[in-house]
Amino acid sequence: MNSWYCTYNTLDQFFFVNNTSSALYVLLFRQFRYVKMSRRRREKPADVAISMVKQKLDRDGFYMKEIPPKGRGVFAKVSFTKGEFLLQYAGKLIPGDEGDKLEEEESSGFRFFITFKGKDYCIDATEEPEEGPSLGRLVNHGEKKEVNVKLSVIDVDSKPALCLFALTDIAPGQELLYDYGVSNLPWIQQNKV
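Heads up: the sequence shown at position 95 corresponds to 95 in full-length UniProt numbering, and the numbers run straight through without jumps.
Structure follows, in structure tokens:
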């Protein structure tokens, strides 16, 4: 059974709405026309991630700010829901052994080591990019109770990409944090003293 209800929009146009399973039908009385509005399907987070990686763009909805003593951090401008793709941890994709050598020469704190399809890789985000995705490399470490983001390796055209997804709902103004998997970070040591 179809149920209709009356409402109005910001132009004070009264209309009746019938919510069926496949579409939202609107009958505008002032304009005397029948309009069919289809519902938009929500994209899968992995598909959004692949699209953003291919476009070499940061997603809108974030800003960076200084946080002493950590340095820079990334914050949400808008709300994000649990599971949503947020940002890419972008950098130069190099073989794992090359990344190890670079790390032995000078530790940067911006090299992330992964295994993808049985091969070891390093995503080296040491150099600040002039264009393309850059915010993912600035997401800070958080303690277990603070963590609201997780890193996942996804396959983009048979190459690995490291992406950040929401572990919880994220509110505007909230800092993005994930567990680096290390305990000797300078600001953590400072807090323990």
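Glycine included, each C-beta is placed from N, C-alpha and C at the ideal position.
The Cβ atoms of Gly91 and Arg137 lie closer than 8 Å to each other. By the criterion of a C-beta distance shorter than 8 Å, Asp97 is surrounded in its chain by Asp120, once the five residues flanking it on both sides are discounted.
In the displayed model, Val48 falls within a helix according to three-state DSSP. It is roughly 11 Å from the alpha-carbon of Phe116 to the alpha-carbon of Leu162. DSSP, reduced to helix, strand and coil, places Gln88 within a strand of the structure shown.
Within the model, the alpha-carbon separation for Pro160 versus Ile154 is close to 6 Å.
Note on Phe113: under 16 other CB atoms within 10 angstroms of its CB, so exposed under the neighbour-count rule. Going by C-alpha positions, Val156 is about 8 Å away from Val53. Nearest Cα to Thr168 within the set Gly73, Phe85 and Lys70: Phe85. With fewer than 16 other Cβ atoms from the protein chains shown falling within 10 Å of its own Cβ, Gly109 counts as exposed.
Between the segment 172-180 and the segment 65-82, the count of C-beta pairs closer than 8 Å reaches three or more; the two stretches touch. Comparing C-alpha distances from Asp124 to each of Gly99, Val74 and Gln88 shows the shortest one belongs to Gly99. Minimum Cα-Cα distance from Asn140 among the listed residues Glu43, Lys70 and Val48 corresponds to Lys70. Here the alpha carbons of Leu151 and Ser134 stand approximately 15 Å from one another.
If you check the CB distance, Ala166 and Val147 do not come in under 8 Å. Under the three-state reduction of DSSP, Leu162 is assigned to strand.
Checking the DSSP bridge columns, you'll see Ala76 partnered with Phe62.
Shown here, Asp157 sits in coil according to DSSP, grouped into three states, outside any helix or strand. Assignment of Gly71 by DSSP, reduced to helix, strand and coil, places it in the strand class.
In the DSSP annotation of this structure, the continuous segment of the alpha helix (DSSP H) that includes Lys101 starts and ends at Gly96 to Glu105. With a cutoff of 8 Å on beta-carbon distance, Ala76 and Ala171 are scored as near each other.
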